[in-house]
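Undergrad: Handing you this structure, nothing more for now.
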Amino acid sequence: MSLHRAVRHIRYLLALLLSLLVPSAWAAPYTVALVPQFKARQLQAEWRPLLDRISAETGLEFKLRFYSSIPEFESGFLAGEPDFAFMNPYHAVMAHKKQGYIPLLSNAQPLTGILVVAANSAIHSVEDLNERRIAFPAPNAFGASLYMRALLIEKERLIIHPQYVSTHANVYRQVLLGDVAAGGGVNQTFADLPDSLRAGLRILYETPPSASHPIAVHPRVPEADRRLFSEAFLKLGQDEAGRALLKDARIPKPVAVDYEHDYRPLESLKLERYVVLE
Amino acid sequence: MTRPSRLRLPHLPLLPHHLQWRLSLPIALVVCLAFFAYGLYAAREQSKLAEALLRSQGEGLAKSIAIASIDALLTRDIETIEQLLLREMQNQRALTIQVFDGQGNLVGDVDRVNGEPTSHYARPAPPLPTSLHELIFYTPDTHGIHAWHPHTVRGDLIVWEPIDNGIGVSLGWVRATLDTGPVNQTHDLIWRNNLFLLLLVLLTALLAVYLFVRRPLKELDRARIFARTLSHSWGMQTPGYPEIIEINQLFEALNLVSSSLAQQEKALREGRHFLAELAETLGEGVYATDREGRCTFMNREAERLIGWSRQEMVGQPICSWLHTRHPEGQFAEHSCPRTMAMSQKQLLRDDDTAYFRKDGSRFPVAIIANPLLENGEVKGAVVVFQDISNRKQAEATLRSARDAAEASSRAKSDFLANMSHEIRTPMNAIIGMAHLALGTQLNPRQQDYLKKIQTSAQHLLSIINDVLDFSKLEAGKSVVERMEFELATLLEEIASLYSDKSAGKPITFSIHVDPDVPPRLVGDYLKIKQIIFNYVANAIKFTEQGEIDLLISVIAHERGEIQLKFAVRDTGIGLTEQQRKQLFQSFHQADSSTSRRYGGTGLGLAISKRLAELMAGMVGVESRYGAGSTFWFTARLETASTKTAALVVESPHPEVSEAQLATIAGAHILLVEDNPLNQEMMRIFLEQIGCRVDLAENGKVAVNTLLEAPVGSYALVLMDMQMPVMDGIDACILIRQRSELADLPIVAMTANAIDEERQRCLIAGMNDFLPKPITPDTLYPLLLHWIPPTVPERVPPTTPQVDREQLARVGEELTQLISNSELKAIHMLELHAELLRAIAPEHYQELKAALDDIDFDTALSALGKLLHSV
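Just so you know, the protein sequences line up as chains A and B, in that order. Per our numbering, the first sequence starts with residue 1, numbered consecutively. Per our numbering, the second sequence starts with residue 279, numbered consecutively.
What follows is the structure in structure tokens.
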């Protein structure tokens, strides 16, 4: 064996040893859970590249954890299973309360829930929706369903008949078809609609904006790692590739968030009353 | 000359007239048509296939979408339906896919925008199908119908598929619209290809046929060119074209024509050459003229005959040169045989013309002029002529010789006639006078002498008759008569002859006639009788005792003609071989001894032979010396069918009785006779029976007498033939001109034995003849025949019973006479002939014959036998 090669071997050994010393290195990869708004495959496709990049940058390892349904996801984070979780604002409140999950980042644009009616509908104010059938995607979808229902019932004091049609796409289409009087969605999904579809709808009502879906971290994750992750995540927005990754993950403009500032106010909404348990 | 009419092509050639195209185009068109038809069929089938495929695709698509969207429809999962439809739009054929819910609302609507599947929202929903029969159909074509397309371009294919959940509940509909563009395109493509191929096939077919047909047509052309050359050059041969049998045959035929033309030409040439040679070597002159009469040809002989040469004559008007002394002379066209032949358009012969030679001499010619005709038009003439000077001379010589011969023949006839008359007249007188003398009172010696004179005169007369007969026969002046007669009459005469001649001899006579011999015949009665008489007389002469038989049989019988055989058989002395040979020749008897013993001229058989030959018969004899002979002859007669103009038969002499003669006593008879002796004789004969006789010495006197006499004064006229001043014929003609004398019986007294004479008598109007010499035997029956009875006939009682008293008296007297050898006995016999004959004819005959021979001894014994037979 040549000297050069021997030195290289030693260097590896050393690195290995040192890595062993670093507690973070010893640690198993961090689990990242995503709210199963979409199918696992899709989520995987959307998040894996991003996580790999962050891994590359931070040296942290991430493993994606998929839950087959939202209730399972909710049980999971309530049990504190994932290290990182991307969840809706309501989940964030619940997770904080239960496990103390700390929201790190979210999309800059605030989330607004909208209520759409057919463009040529006779309904012009929210009062007209009393006693009417309204389509919502998943029952606990934050902006489109949970927040909107809570508002309509608590604030607007309406009696509504909700219909849960699984996806935003269905909500909009059913409203267009006339199956329901109105439907709840969010501004993002509305904006993504094909022009011809969007043209057939009208936004009747909006929720006040709220912070959007955060990536929260379990307190057990060391703060150094938390900081690494956040910084790497935020740095993604600085280059083209990174921006593409962010776009896939649906966090085009990530910002740091703070629980106290962004999510504490939601506690007062008593949203848990409108959670539909399946 | 007519020209062949030009063929006119019609203005609109429906079919080309060149064989090349006539063949190529139709074939190519047919092939194209076939191809086109197939292409049509194929295209249709392919279209149908493509359409079927499309439909099945559409159905499949709609069905699968229907099934896949059941759950989504139930849950109103519009997004899933939308995604399903978008996915299915990957099927290239689909233009739009729509899903309807049970109420007919569009819950999914996807089509293609810029090639990308795109979802549509809030588009108006097409109405749902009302019946299950309209689920698959085509929209009308929106792109317009292509005129040249056999099918309407199809619009899009619409497929409706109901969505039901399997238990009969309709959840909604799927409507898929599929693009028929590819199908239409395929169709178009096929059609374009078809047409293109069609064109290709057309051209190929044309080319193929053209190539195939090119060579044969070229060969045909070659045949045509060759055929044209045949018109001016024969004998050439051209190679055939074995590839095509018909064309090859055409070539063979043309070659054949060519060689046969060459042969014909050669034959023509040779023929012409031969004709030219022939013309030159002919012994007759030949020349030919054109239509105007100008000479076009002349042969060597013609040159020689007329003295002009070919070169001088060709082109000249030959007829005027030939018919006139000088070429410029005039001649009558109508006398020229050539012009006449041409104008009449037929061959003309003439041997009365004469031609002039170059030197001006003339010679008679026999001409044959023949017009040359072509299609009925006269083109010219050919004349063949001969110098007939020799012939003319010969003709003249012949004519004079003929005239001389005729004159000599006439002289002979006249001689015969004269001789006949000249000889017979004195003979007649001798015999008659002797007869009259014998009737007077004579002493036995005188009687004896007179009898001998009479017998000799009769003998001489018979000799003269034979000689004259023979001469007539030799001179060819005998003519076979045609008269109808009864055979029985002939036989009677023969029988009486026999009994006359055979008296005294112990000979029996019999006649045998074949049953198929007709009773009535037409022929020369007299000649037959003459021959038979001759034979029978000979038989009697040369037979002492025994039998004489006459046998008549039929040799041949064909239609109206009958050949009979007459045979006389006797039991006489017979003939030796040598004697038989010499018979029938003139002047021969068996030998000279017999003539002395038996008498006769010897001419009898010779005459018989000639007579038989005149009647187209033969003569012959069968005999054995000492055992008898059979003399026979054959003659041609006719069977009596119609009444031929019967010459009055010389009726046999029936014995006329005094009683009969008494009936015509007192009849007034005109005797026309120039000879005083004959006059005398006749007068005696006539007055003996009590007739009154007036005399006229010639015809003229007779005519005058008759004309002057009151009608009916004369009962009969006896007319001599040859008289001075006017002869019997002329007189008779004149007499007959008077109608009142038409019925007057006129009898010709003719010494002329020539049958022509008899004909002339008949034609002149004579009723009958009396041949000279005339005897009471011939005269009286005739008078009885023609003169009506003045006194009714006293019919003597024909009693078989004999007046014995008279008989005894007569017998006694006769006996006495004969015993005294008195010639008176002959007269006595004649007076009582009837009586005696009635008793015993044969004995009577015997008696008579003996008396004729002045043999009183035999006569006496005959008389005795006669008297004893009572």
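By construction, the Cβ of each residue, glycine as well, lies at the ideal position given by its N, Cα and C atoms. All values reported here derive from a predicted model rather than from experimental measurement.
Residues of chain B with CB under 7 Å from A:Ser196, in chain order?
TA: In the first sequence, residue 196 of chain A corresponds to position 196, counting from 1. Under the 7 Å cutoff, chain B gives His398, Tyr399.
Undergrad: Less than 8 Å between the beta carbons of A:Ala256 and A:Leu104, yes or no?
TA: Residue 256 of chain A sits at position 256 when you count from the first residue of the first sequence. Residue 104 of chain A sits at position 104 when you count from the first residue of the first sequence. For A:Ala256 and A:Leu104, yes; Cβs fall inside 8 Å.
Undergrad: Note down, in chain order, each residue of its chain lying with its Cβ closer than 8 Å to the Cβ of B:Asp568, except the 5 sequence neighbours on either side.
TA: Counted from its first residue, the second sequence places residue 568 of chain B at position 290. So the list reads Thr574, Lys657, Gly658, once near-sequence residues are dropped.
Undergrad: Do A:Gln99 and A:Gly80 count as a contact pair if the criterion is CB distance below 8 Å?
TA: The residue labelled residue 80 of chain A in the question sits at position 80 within the first sequence. The residue labelled residue 99 of chain A in the question sits at position 99 within the first sequence. Result yes, Cβ atoms of A:Gly80 and A:Gln99 sit closer than 8 Å.
Undergrad: Assuming B:Asp792 contacts B:Ala817 under a Cβ cut-off of 8 Å, what Cβ separation, rounded to an integer in Å, is found between them?
TA: Looking up residue 792 of chain B in the second sequence gives position 514. Looking up residue 817 of chain B in the second sequence gives position 539. In fact, because the Cβ distance is near 20 Å, the residues do not count as touching under 8 Å.
Undergrad: Is there at least one Cβ from chain B nearer than 8 Å to A:Glu179's Cβ?
TA: The residue given as residue 179 of chain A occupies position 179 in the first sequence. Residue identity differs from the one stated: residue 179 of chain A is Asp in this sequence, not Glu. At a cut-off of 8 Å between beta-carbon atoms, A:Asp179 makes contact with chain B.
Undergrad: Which residue comes first and which comes last in the beta strand (DSSP E) that contains A:Ile114?
TA: Walking along the first sequence from the start, residue 114 of chain A turns up at place 114. Start and end: 113-118.
Undergrad: Please go through the same chain and pick out, in chain order, the residues whose beta-carbon is closer than 6 Å to the beta-carbon of B:Thr464, but skip the five residues on each side of it.
TA: Here residue 464 of chain B refers to the residue found at position 186 when the second sequence is read from its first residue. Excluding residues within five positions, the ones whose Cβ falls inside 6 Å are Ala328.
Undergrad: Quick one: give me the first and last residue of the beta strand (DSSP E) that B:Asp1021 is part of.
TA: As a position in the second sequence, residue 1021 of chain B is number 743, starting the count at 1. That residue, B:Asp1021, is in no beta strand (DSSP E); it is neither H nor E in DSSP.
Undergrad: Here's a check: name, in chain order, each residue in its chain whose Cβ is nearer than 6 Å to the Cβ of A:Pro139, leaving out the five neighbours to either side.
TA: As a first step, residue 139 of chain A is located in the first sequence; it is residue number 139 there, counting from the start. Once the five neighbours on either side are set aside, the close Cβ partners of A:Pro139 are Ser145, Tyr164, Val276.
Undergrad: Out of B:Asp972, B:Met1001, B:Ile1011, which one is the CA nearest neighbour of B:Ala993?
TA: Residue 993 of chain B sits at position 715 when you count from the first residue of the second sequence. The candidate whose alpha carbon is nearest that of B:Ala993 is B:Asp972.
Undergrad: In chain order, what residues of the same chain have a beta carbon less than 7 Å from the beta carbon of B:Ala425, not counting five sequence neighbours either side?
TA: For the purposes of this step, residue 425 of chain B is taken as the residue at position 147 of the second sequence. A caution first: B:Ala425 carries a pLDDT of 43, below 50, which makes its placement in the model unreliable, though a value can still be read off. Result list for B:Ala425: empty, nothing under 7 Å.
Undergrad: Could you pull out every residue in the same chain whose Cβ sits closer than 6 Å to the Cβ of B:Glu673, ignoring the five residues on either side in sequence?
TA: Counting from 1 along the second sequence, the entry for residue 673 of chain B is found at position 395. Hits under 6 Å: none found.
Undergrad: Identify which residue in B:Ala834, B:Thr1056, B:Val758, B:Val899 has its Cα closest to the Cα of B:Lys859.
TA: Mapped onto the second sequence, residue 859 of chain B falls at position 581. Of the listed residues, the one whose Cα sits closest to B:Lys859 is B:Val899.
Undergrad: Please determine, among B:Gly895, B:Leu881, B:Glu822, the residue with the shortest C-alpha to C-alpha distance to B:Ala834.
TA: For the purposes of this step, residue 834 of chain B is taken as the residue at position 556 of the second sequence. Measuring from the Cα of B:Ala834, the nearest candidate turns out to be B:Gly895.
Undergrad: Where B:Gly1142 and B:Glu1124 are concerned, what is the direct C-alpha to C-alpha distance, given to the nearest angstrom?
TA: In the second sequence, residue 1142 of chain B corresponds to position 864, counting from 1. In the second sequence, residue 1124 of chain B corresponds to position 846, counting from 1. Their Cα atoms are separated by approximately 11 Å.
Undergrad: What in chain B is Cβ-close to A:Val165, meaning under 9 Å?
TA: Translated into positions along the first sequence, residue 165 of chain A becomes position 165. Thr353, Arg354, Asp355, Ile356, Glu357, listed in chain order.
Undergrad: If you reduce the DSSP assignment to three classes, tell me which class B:Ser347 lands in.
TA: Against the second sequence, residue 347 of chain B aligns to sequence position 69. Note: B:Ser347 maps to coil in three-state DSSP.
Undergrad: Taking only three categories from DSSP, how would you classify B:Thr617?
TA: Position 339 of the second sequence holds residue 617 of chain B. DSSP places B:Thr617 in helix when its eight states are reduced to three.
Undergrad: Just curious, the beta strand (DSSP E) that A:Tyr164 is in, first and last residue?
TA: Translated into positions along the first sequence, residue 164 of chain A becomes position 164. A:Tyr164 -> beta strand (DSSP E) spans 161-164.
Undergrad: Assuming A:Tyr30 contacts A:Asp83 under a Cβ cut-off of 8 Å, what Cβ separation, rounded to an integer in Å, is found between them?
TA: Counted from its first residue, the first sequence places residue 30 of chain A at position 30. Counted from its first residue, the first sequence places residue 83 of chain A at position 83. About 4 Å separates the two Cβ atoms, so the contact holds.
Undergrad: Is the beta carbon of B:Gly801 closer than 8 Å to that of B:Met893?
TA: Translated into the one-based positions of the second sequence, residue 893 of chain B becomes position 615. Translated into the one-based positions of the second sequence, residue 801 of chain B becomes position 523. Yes.
Undergrad: Counting only the same chain and skipping the five closest in sequence on each side, list residues whose C-beta sits under 6 Å from that of B:Val846.
TA: Along the second sequence, read from residue 1 onward, the residue named residue 846 of chain B stands at position 568. Cβ contact annotation for B:Val846 (same chain, cutoff 6 Å, sequence separation greater than five): Tyr813, Val814, Ala817, Leu828, Phe909, in chain order.
Undergrad: Between the Cα of B:Ile375 and those of B:Ala1103, B:Leu362, B:Arg798, spot the shortest distance and give me the residue it belongs to.
TA: To locate residue 375 of chain B, count along the second sequence from 1; it is residue 97. Among B:Ala1103, B:Leu362, B:Arg798, the Cα nearest to that of B:Ile375 is on B:Leu362.
Undergrad: Quick one: any contact between the region 39-46 of chain A and the region 203-214 of chain A, if contact means 3 or more CB pairs under 8 Å?
TA: no
Undergrad: Check the Cβ-Cβ distances between A:Gln174 and every residue of chain B, and say whether any is below 8 Å.
TA: Taking the first residue of the first sequence as position 1, residue 174 of chain A is located at position 174. Yes, its Cβ sits closer than 8 Å to a Cβ of chain B.
Undergrad: Three or more beta-carbon pairs under 8 Å between the region 87-102 of chain A and the region 54-68 of chain A, yes or no?
TA: no
Undergrad: Is B:Tyr1058 helix, strand or coil when you go by DSSP?
TA: In the second sequence, the residue the question calls residue 1058 of chain B occupies position 780. DSSP places B:Tyr1058 in helix when its eight states are reduced to three.
Undergrad: Please identify the residue among B:Leu373, B:Glu752, B:Val447, B:Leu467 whose C-alpha is closest to the C-alpha of B:Thr417.
TA: Translated into positions along the second sequence, residue 417 of chain B becomes position 139. Considering only alpha carbons, the answer is B:Leu373.
Undergrad: Listing by chain order, which chain A residues have their CB less than 9 Å from the CB of B:Ile462?
TA: As a first step, residue 462 of chain B must be located in the second sequence, where it is residue number 184. Per the sequence shown, the amino acid found at residue 462 of chain B is Asn instead of Ile. The contacting residues do not exist; B:Asn462 stays about 30 Å from chain A at best.
Undergrad: Got a sec: is the Cβ-Cβ distance from B:Asn383 to anything in chain A below 8 Å?
TA: Position 105 of the second sequence, counted from the start, is the residue given in the question as residue 383 of chain B. Yes, its Cβ sits closer than 8 Å to a Cβ of chain A.
Undergrad: Using 8 Å as the Cβ pair cut-off and three pairs as the minimum, do the region 714-724 of chain B and the region 1099-1112 of chain B touch?
TA: With the cut-off at 8 Å, the region 714-724 of chain B and the region 1099-1112 of chain B touch.
Undergrad: For A:His9, is the classification buried or exposed, using 16 other Cβ atoms within 10 angstroms of its Cβ as the cut-off for buried?
TA: The sequence position of residue 9 of chain A within the first sequence is 9, counting from 1. A residue is called buried when at least 16 other Cβ atoms come within 10 angstroms of its Cβ; A:His9 does not meet this threshold and is exposed.
Undergrad: In chain order, what residues of the same chain have a beta carbon less than 7 Å from the beta carbon of B:Ala557, not counting five sequence neighbours either side?
TA: The sequence position of residue 557 of chain B within the second sequence is 279, counting from 1. Here the set comprises Val564, Asn577.
Undergrad: Hey, quick one: how far does the beta strand (DSSP E) through A:Asn107 stretch, first residue to last?
TA: Looking up residue 107 of chain A in the first sequence gives position 107. Unbroken beta strand (DSSP E) run through A:Asn107: 102-107.
Undergrad: Since B:Ser448 sits in a beta bridge, which residues does DSSP pair it with?
TA: Translated into the one-based positions of the second sequence, residue 448 of chain B becomes position 170. B:Asp442.
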